[in-house]
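Visitor: Each residue of the sequence shown is one higher than the one before, counting from 1423 in our numbering.
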Amino acid sequence: MPTLFDPVQLGAISAANRILMSPLTRARADREGVPQAFVADYYSQRAGAGLIIAEATGISRQGLGWPNAPGIWSDAQVEAWKRITAAVHDAGGKIISQLWHMGRLVHPSVSGMESVSSSAIQAPHYAHTYEGKKDYVVPRVLTKDEIAGIVSDYAAAARNAIRAGFDGVQLHGANGYLIDQFLRDNSNTRDDEYGGSPENRTRFLNEVLDAVIAEVGADRTAIRFSPNGDTQGTDDSDPVTLFDLVARQLAGRGLAFVELREQRPDGTFGKSDVPLVSPSFRALYDGPLVLNNDITPAMGAAFVESGKADAIAFGRPFIANPDLPLRIKDGHSLATEDFKLWYTNGTEGYTDYPTWEQAQAAA
């Protein structure tokens, strides 16, 4: 059976190992969504991952609601990403862009535009804004024409990602963002062809997939879901039925991979007692499957060796361990990141974490 350190083919992308870097919002762009120059250092330092899934990146001004997060709708953004992808490729790595529309989790004070969603249901908790935490607003319901426009935005963003040098794209269909808001029955109460039955609630997802595949090819298109339990107020009353349907719809389409970010009862970044969906998804979906969230290196090795997953995406461990695959392979201890520096928009706590060899040389 394969190990974490064996190569894996993810559609058109040949990954040197099965330790993927999960997308991590780090807020190092300017207010126009243009990544700063030092972002190239951050990603190239982590090029030892089999594949880097770059941070969630806005497909449009309307869809980007996180302060200082990057976008990929403008020429200036594309030019900035070109430097980043070139740096990763020069370091021997592979990188794809995660395409993001936040839907009702966009606060108007950040985007300068109305918040929109599948239904007029306010998200719980608080939005991060330039002025601090604020209540989410009740989103405006998207019309059918507007839905078609957003599908076109996804296609344009995918086209821009390839123009920027990315090896492919991943649709962000998880974590309570727009695709997830259409999928789940507690956030989608529409009575048209985009709501009601699971088949209708998956319509937007499949329209986006079709449009993106037409631009970049199925073998350079991936998608992420968070199928079990509540995530940022988005949940479903019958996740097994919903995601079994999704797995059947995606089977045979030749996608690069599907990533499942599943919560566990003892989770450190979201908890849920809802059973894992990945076993049934694995049985129904015939493409590469990547698992994520609170997976230790030992757990990840067991998942890959048993065939439960083809690769494992690690997120937070990559922040303080730019050489994470080597540390895991050699059995070295892992450094811990400083949470206070996750979103500070500078190089501290971003590009200044040493590799194992650098740390030992400085000791």
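We put the beta carbon where it would ideally sit given N, CA and C, even for glycine. Predicted, not measured: the structure shown is a model, and the values here were computed from it.
Between which two residues does the alpha helix (DSSP H) holding Asp1752 run?
Guide: First-last of the alpha helix (DSSP H) with Asp1752: Leu1746 to Asp1752.
Visitor: Alpha carbon to alpha carbon, how far is Ser1619 from Val1510? Give it in angstroms, no decimals.
Guide: Whole-angstrom Cα-Cα distance: 43 Å.
Visitor: Go ahead and pull the three-state DSSP assignment for Ile1601.
Guide: DSSP places Ile1601 in helix when its eight states are reduced to three.
Visitor: Here's the rule: buried if 16 or more other CB atoms are within 10 angstroms of the residue's CB, otherwise exposed. What is Ala1705?
Guide: Answer is exposed; the Cβ neighbour count stays below 16.
Visitor: Ordered along the chain, which non-local residues of its own chain (more than five positions away) have a Cβ less than 8 Å from that of Glu1568?
Guide: The residues are Val1538.
Visitor: Measuring from the CB of Thr1624, is there a heavy atom of the ligand COA at a distance below 7 Å?
Guide: Absent from the structure shown: the ligand COA. Ligands present: none.
Visitor: Whether or not the stretch 1545-1560 and the stretch 1522-1532 are in contact is what I'm after, with contact meaning three or more pairs of Cβ atoms, one per stretch, closer than 8 Å; do they touch?
Guide: Yes, since at least three Cβ pairs between the stretch 1522-1532 and the stretch 1545-1560 fall closer than 8 Å, the two stretches touch.
Visitor: Let me make sure I understand the geometry here. Which of Ala1438, Val1461, Asn1439 and Thr1718 has the alpha-carbon closest to that of Ala1449?
Guide: Of the candidates Ala1438, Val1461, Asn1439 and Thr1718, the one whose C-alpha sits nearest the C-alpha of Ala1449 is Val1461.
Visitor: Give me the Cα-Cα distance between Val1668 and Thr1690, rounded to the nearest whole angstrom.
Guide: Rounded to the nearest angstrom, the two C-alpha atoms are 27 Å apart.
Visitor: If you reduce the DSSP assignment to three classes, tell me which class Tyr1576 lands in.
Guide: Here Tyr1576 sits in helix by DSSP.
Visitor: When you compare the stretch 1462-1476 with the stretch 1435-1445, are there three or more beta-carbon pairs, one atom per stretch, that lie closer than 8 Å?
Guide: Verdict: yes, contact present.
Visitor: Can the beta-carbon of Trp1522 be found closer than 8 Å to that of Ala1578?
Guide: No, these two residues do not count as a Cβ contact at 8 Å.
Visitor: Check whether the Cβ atoms of Leu1672 and Glu1684 sit closer than 8 Å, and answer yes or no.
Guide: Going by C-beta atoms, Leu1672 is not nearer than 8 Å to Glu1684.
Visitor: By DSSP, does Gly1552 sit in helix, in strand, or in coil?
Guide: The residue you asked about is not Gly; residue 1552 is Tyr in the sequence shown. Tyr1552 falls in the coil class under three-state DSSP.
Visitor: Would you check if the stretch 1500-1515 and the stretch 1578-1594 touch, i.e. whether three or more CB-CB distances between them fall below 8 Å?
Guide: As far as the Cβ criterion goes, the stretch 1578-1594 touches the stretch 1500-1515, which means the pair count is three or higher.
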